[in-house]
Amino acid sequence: MQQIVSLLPIILMLVVFYLVVFIPENKRKKKYAALLNNLKVNDEVMTKGGIMGKLVNIQDNYVILESGPDRTKIKLGKSGIGSVINSNSGDLVEKK
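For the sequence shown, my numbering gives the first residue as 7, with consecutive numbering after it.
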């Protein structure tokens, strides 16, 4: 019985660690996956590297981003997109 009682603080710390670390991380991953799945052509995005531009083409694993006044096109992986700045879909514009 004393052995179980001595392990109780360690088990409690593991449960708290799980609640503090893993649950929020899973929520963040699901939100990011939904962001990538809802990308549309003409959405303005910012890459993780800080490049801002408009999506011109969307494929399975990569996107083509148009950026700058010269309309420079950059091909990058979908995982390189950090956030959507402005979505041109009617649903998101109405919510604002």
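All residues carry an ideal CB built from backbone N, CA and C; glycine is no exception.
So, under 8 Å CB-CB, isoleucine 80 and valine 51 are touching, yes? Tell me the CB distance rounded to an integer number of Å.
Locating residue 80 in the sequence shown gives position 74, counting from the first residue. Locating residue 51 in the sequence shown gives position 45, counting from the first residue. About 11 Å; that fails the 8 Å criterion.
Assuming leucine 45 and leucine 61 are in contact, meaning their beta carbons sit under 8 Å apart, how far apart are those beta carbons, in whole angstroms?
The residue given as residue 45 occupies position 39 in the sequence shown. The residue given as residue 61 occupies position 55 in the sequence shown. For a cut-off of 8 Å, the C-beta gap from leucine 45 to leucine 61 is around 6 Å, short enough to register as a contact.
How would you label leucine 71, buried or exposed, when you count the other beta carbons within 10 angstroms and need 16 or more for buried?
For the purposes of this step, residue 71 is taken as residue 65 along the sequence shown, with counting starting at 1. When all chains shown are included, leucine 71 counts as buried.
Please classify aspartate 66: is it buried, with 16 or more other beta-carbons within 10 angstroms of its beta-carbon, or exposed?
Along the sequence shown, one-based indexing puts residue 66 at 60. Flag for aspartate 66 reads exposed.
Does valine 69 pass the burial test, meaning 16 or more other C-beta atoms within 10 Å, or should it be called exposed?
Here residue 69 refers to the residue found at position 63 of the sequence shown. Buried, because 16 or more other Cβ atoms sit within 10 Å of the Cβ of valine 69.
On the DSSP bridge assignment, give the partners of asparagine 92 in chain order.
Counting from one through the sequence shown, the residue named residue 92 turns up at place 86. Paired residue(s): Glu50.
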